[in-house]
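The structure appears below as structure tokens.
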Amino acid sequence: IVLAGNVGVEQAAKAAGVEVAVPFAPGRGDATDAQTDGDSFDVMEPIHDGYRNYLQKDYAVKPEELMLDRTQLMGLTAPEMVVLVGGMRVMGTNHGGTKHGVLTDNEGALSTDFFVNLCDMAYTWKQAGKDVYEIRDRKTGTVKWTATRMDLVFGSNSILRAYAEVYAQDDNKKKFVDDFVAAWTKVMNADRFDLAA
Numbered sequence: 011i012v013l014a015g016n017v018g019v020e021q022a023a024k025a026a027g028v029e030v031a032v033p034f035a036p037g038r039g040d041a042t043d044a045q046t047d048g049d050s051f052d053v054m055e056p057i058h059d060g061y062r063n064y065l066q067k068d069y070a071v072k073p074e075e076l077m078l079d080r081t082q083l084m085g086l087t088a089p090e091m092v093v094l095v096g097g098m099r100v101m102g103t104n105h106g107g108t109k110h111g112v113l114t115d116n117e118g119a120l121s122t123d124f125f126v127n128l129c130d131m132a133y134t135w136k137q138a139g140k141d142v143y144e145i146r147d148r149k150t151g152t153v154k155w156t157a158t159r160m161d162l163v164f165g166s167n168s169i170l171r172a173y174a175e176v177y178a179q180d181d182n183k184k185k186f187v188d189d190f191v192a193a194w195t196k197v198m199n200a201d202r203f204d205l206a207a
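Okay, here's the thing in structure tokens:
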């Protein structure tokens, strides 16, 4: 799974015009069905995942706060969270194939479009439902995209917006891909204690 994900990231970066090699550390092993008690894993089924724009149901905690909790649980920093979410959105990896937060016309390419369009003053946000917003052209009022609270927090929170604006700059496309690969690799190797120096 990790190797396939790495290849997907490399292909998405190439589609955005950036050549990159994603580091891979072999050694993970998969259990067979015979070695696994399927029922015991039911309780570990995710109920939310801001990185894939997934929320099973309404909770007392705001969706963006659940995403922050997941970020902390994975040992990521705020800049790593920003780059991963932006990259995951433009690559089109949302749960169930939803298009919320896919702020690009070039889905599948690891581009900075999420940040460019999120920070672009040509668009305005209008609530369209519970935790869902329409991204509209300011001049025409036409709906261009949809987004969730977990997407728009990167434009509304001053600290996260500062990170988003770094990636929205024209000259930071390579930096974005390099930072994404570093954060991606950190997550893929998170529980690989055999790799610790």
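For the sequence shown, my numbering gives the first residue as 11, with consecutive numbering after it.
Even glycine gets a Cβ: it sits at the ideal position worked out from N, Cα and C.
L86 is not a Cβ neighbour of W194, given a cutoff of 8 Å. Judged by DSSP secondary structure, R171 falls within the alpha helix (DSSP H) whose first and last residues are 168-178.
In its chain, beyond the 5 residues on either side, T122, Y177 have a beta carbon closer than 6 Å to the beta carbon of F186. Counting the other Cβ atoms within 10 Å of the Cβ of F125 gives 16 or more, which makes it buried. In this structure, T158 and R146 do not form a Cβ contact; the two beta carbons are roughly 16 Å apart against a cut-off of 8 Å. The stretch 96-171 contains, as complete beta strand (DSSP E) runs of 3+ residues, the segments 133-139, 142-147, 153-158 (chain order). Three or more Cβ pairs closer than 8 Å define a contact, and the stretch 56-65 falls short of that threshold against the stretch 25-43.
Note on geometry: alpha-carbon atoms of N199 and Q179 lie some 29 Å from one another.
For N16, the enclosing alpha helix (DSSP H) covers residues 12-25. When DSSP states are grouped into helix, strand and coil, D204 belongs to the helix group. In the three-state reduction of the DSSP assignment, Y64 falls in the strand class, which pools E and B.
Between L83 and G60, the CB-CB gap reaches or exceeds 8 Å. The shortest CA-to-CA distance from A192 to any of G97, D115, G48, Y69 is the one to G97. Counted as a single uninterrupted DSSP element, the alpha helix (DSSP H) harbouring P73 occupies residues 73-83. DSSP lists Y64 as the bridge partner or partners of D59.
Apart from the 5 residues on each side of it in sequence, W155 sits with its Cβ closer than 6 Å to the Cβ of L113, I145 in its chain, given in chain order. Straight through space, the alpha carbons of V92 and T150 are spaced by roughly 30 Å. Within a 10 Å sphere around the beta-carbon of M160 sit 16 or more other beta-carbons, which makes this residue buried. Per DSSP, the continuous alpha helix (DSSP H) segment holding M198 begins and ends at 183-198.
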